[in-house]
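Trainee: Handing you a structure now.
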Amino acid sequence: METMSATRATALPGPRGPLSEQVMGALRRDPARLTPTRPPGATEEDAALTLWVLHELSYRGFGDVSPEAEWEPSVLALRRHLQRDLEARLRSRWPGHEFSTETFADDLMAFIEADDGPSVASYVHTQATVEQVLELLRWRSIYHLREADPSTWTLPRLTNAPKAALAELQYDEYGSGRPDRLHAHLFAQAMEALGLSTRHGDYLDECPLEVLEMNNVMTLFGLDGRLRGASMGHLAAFEVTSSVPSSRLVQGLTRLGMAPEIIEYYAEHVVADSVHDQIAVRLICAALAADEPDQAEDIFFGAFTCLDQEARFARAILGRWGVAA
Amino acid sequence: MTVATGDSLVCPGGPLLLRGCGTYTDEDGFEYPVDRPVVAVCRCGFSNRLPWCDSTHKRLPPDKRPD
Ligand code: FES
Ligand SMILES: [Fe+2]
Ligand SMILES: [Fe+2]
Chain V
89 METMSATRAT
99 ALPGPRGPLS
109 EQVMGALRRD
119 PARLTPTRPP
129 GATEEDAALT
139 LWVLHELSYR
149 GFGDVSPEAE
159 WEPSVLALRR
169 HLQRDLEARL
179 RSRWPGHEFS
189 TETFADDLMA
199 FIEADDGPSV
209 ASYVHTQATV
219 EQVLELLRWR
229 SIYHLREADP
239 STWTLPRLTN
249 APKAALAELQ
259 YDEYGSGRPD
269 RLHAHLFAQA
279 MEALGLSTRH
289 GDYLDECPLE
299 VLEMNNVMTL
309 FGLDGRLRGA
319 SMGHLAAFEV
329 TSSVPSSRLV
339 QGLTRLGMAP
349 EIIEYYAEHV
359 VADSVHDQIA
369 VRLICAALAA
379 DEPDQAEDIF
389 FGAFTCLDQE
399 ARFARAILGR
409 WGVAA
Chain B
226 MTVATGDSLV
236 CPGGPLLLRG
246 CGTYTDEDGF
256 EYPVDRPVVA
266 VCRCGFSNRL
276 PWCDSTHKRL
286 PPDKRPD
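These protein sequence lines are chains V and B, in that order.
Taking our numbering, the leading residue of the first sequence gets 89, the next gets one more, and so forth.
Taking our numbering, the leading residue of the second sequence gets 226, the next gets one more, and so forth.
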């Protein structure tokens, strides 16, 4: 059997400014000699790409970078600097939200369900072209080809009840023991059926700041145990806002006569995420807030951030297609 | 409604979660295979994928959502 390109190592992306250029050069040659500061000319996009690359070292790394780079102190120092900057920007966008500890799960569910951000799925449902859908899938591939991985990092940071619930949710995302049912694999199969590359990161160069940032957010929340509340709040918002849009995508992709594999991928999420959202809100987040009340506020912050990032993504892609968001 | 084994959780305004059942039998006696560790059974009656919840309940007015 031919190995799917999803198993081949990710290639370093093209640089987007002086910072990413310098960092990727150092990673290729000698990660120990990386300068852990941000040069004055670095744009937000340059910094976001750099952070994406540094985060990537903690997933499966790059074919042309030594695995030693992951724990190199100078690499960690720059990563921390960029993460702090990102977290400060995310916190400055968070308006806060009132909730009660007695009705935590219902309050969180209501907060997420009240989201009225622009919907890419509604546009795909009735109007998008095949070319537009393919572009959407290429942008989404940065996450979906490693679906569920960022929240796995939170698992050992949790107390018993939310840990058991997260493990149950992730078990389903990872195919319940069947590699051919792993969600990231279902997405890769769909990419292949559509004639797209299944190697992770192959479409990064065409992805705008919004895509880099939404992926950086998930990795930051997952990697940093201090942010376990935000990580689980983000997961909850992601799952709660997945099933209804997935139904719209199923209908839109069927309208366009696209490959059955990609329709099946979204159809699976209509049903799976109608389970996952309840697990995430009621069995993970509410249990986490009960066991660790100081995480409650951050659960809402994480949920808000997910919705906010999705709205920015939607405005970016709809704007590119000339659609008013 | 019968469940072979496992736990259940009623979700206000949404489905019934069932954990660890091999099959699910609805009120009319139809048996459905279960292929995931936890399933969500529709309680609002408006799902397009009955007996499973497809989150249609989220689009219903509050008085149409199950208690
Ligand atoms: S309870 Fe979710 S669709 Fe009926
Ligand atoms: Fe999934
Ligand atoms: Fe999910």
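Every residue, glycine too, gets a C-beta built ideally from N, C-alpha and C.
1. Does the distance between the C-beta of V:Glu256 and the nearest non-hydrogen atom of ligand 2 fall short of 7 angstroms?
2. Taking only beta-carbon positions, decide if B:Val264 is within less than 8 angstroms of chain V.
3. Measuring straight from C-alpha to C-alpha, what distance separates V:Arg179 and V:Asp396?
4. DSSP has B:Arg244 in a bridge; who is on the other side?
5. What are the boundary residues of the beta strand (DSSP E) that B:Tyr257 is part of?
6. Taking C-beta pairs closer than 8 angstroms, name the residues in chain B that V:Val358 reaches, listed in chain order.
7. Using DSSP with H/G/I as helix, E/B as strand and the rest coil, what is V:Val436?
8. Could you name the residues of the segment 259-285 of chain V whose beta carbon sits closer than 9 angstroms to any beta carbon of chain B, in the order they occur along the chain?
9. Label V:Val391 either buried or exposed according to how many other C-beta atoms from any shown protein chain fall within 10 Å of its C-beta, with 16 as the threshold for buried.
10. Should V:Gln220 be labelled buried (16 or more other beta-carbon atoms within 10 Å of its own) or exposed?
11. How is V:Ala412 classed by DSSP in three states: helix, strand or coil?
12. Quick one: which chain V residues come within Cβ less than 7 angstroms of B:Arg284?
13. Reducing DSSP to helix, strand and coil, say where V:Tyr354 ends up.
14. Using the rule of at least 16 other Cβ atoms within 10 Å of the residue's Cβ for burial, across every protein chain shown, is V:Trp140 buried or exposed?
15. Could you check whether the Cβ of B:Thr279 sits closer than 7 angstroms to any heavy atom belonging to ligand 1?
16. Compare the beta carbon distance of V:Leu233 and V:Ala272 with 8 angstroms and say whether it is the shorter of the two.
17. Going by beta-carbon coordinates alone, are V:Thr242 and V:Leu224 separated by less than 8 angstroms?
Mentor: Working from what's here:
1. For the purposes of this step, residue 256 of chain V is identified with residue 168 of the first sequence, where counting begins at 1. Not so, every heavy atom of ligand 2 lies at least 7 angstroms from the Cβ.
2. As a first step, residue 264 of chain B is located in the second sequence; it is residue number 39 there, counting from the start. Contacts with chain V at 8 angstroms (Cβ-Cβ) include B:Val264.
3. Indexing the first sequence from 1 puts residue 179 of chain V at position 91. Indexing the first sequence from 1 puts residue 396 of chain V at position 308. Those two C-alpha atoms are separated by around 12 angstroms.
4. Here residue 244 of chain B refers to the residue found at position 19 when the second sequence is read from its first residue. DSSP lists B:Val263 as partners of B:Arg244.
5. Looking up residue 257 of chain B in the second sequence gives position 32. Element bounds for B:Tyr257: Glu256 to Pro258.
6. As a first step, residue 358 of chain V is located in the first sequence; it is residue number 270 there, counting from the start. Neighbours of V:Val358 in chain B, taken as residues at a C-beta separation under 8 angstroms, are given in chain order as Arg274, Asp279 and Ser280.
7. Outside the shown range of chain V (89 to 413) lies residue 436 of chain V, about which nothing can therefore be said.
8. Cβ proximity to chain B below 9 angstroms picks out Tyr259, Asp260, Ser264 and Arg269 from the segment 259-285 of chain V.
9. Taking the first residue of the first sequence as position 1, residue 391 of chain V is located at position 303. Contrary to the premise, residue 391 of chain V reads as Ala rather than Val in this sequence. Flag for V:Ala391 reads buried.
10. Numbered from 1 along the first sequence, position 132 holds the residue referred to as residue 220 of chain V. Buried: at least 16 other Cβ atoms inside 10 Å.
11. Translated into the one-based positions of the first sequence, residue 412 of chain V becomes position 324. Three-state DSSP puts V:Ala412 in coil, outside helix and strand.
12. Taking the second sequence and counting its residues from 1, the one referred to as residue 284 of chain B is at position 59. Think of a sphere of 7 angstroms around the beta carbon of B:Arg284: the chain V residues whose beta carbon falls inside it are Val332, in chain order.
13. Residue mapping note: residue 354 of chain V aligns to position 266 of the first sequence, counting from 1. If DSSP states are grouped into helix, strand and coil, V:Tyr354 belongs with the helices.
14. Along the first sequence, read from residue 1 onward, the residue named residue 140 of chain V stands at position 52. With 16 or more other Cβ atoms within 10 Å, it is buried.
15. Locating residue 279 of chain B in the second sequence gives position 54, counting from the first residue. In the sequence on display, residue 279 of chain B carries Asp and not Thr. For ligand 1, at least one heavy atom lies less than 7 angstroms from the Cβ of B:Asp279.
16. Residue mapping note: residue 233 of chain V aligns to position 145 of the first sequence, counting from 1. Residue mapping note: residue 272 of chain V aligns to position 184 of the first sequence, counting from 1. Yes, the pair counts as a contact, with Cβ atoms nearer than the cut-off.
17. Counting from 1 along the first sequence, the entry for residue 242 of chain V is found at position 154. Counting from 1 along the first sequence, the entry for residue 224 of chain V is found at position 136. It is not a contact, given that the beta carbons lie outside the stated cut-off.
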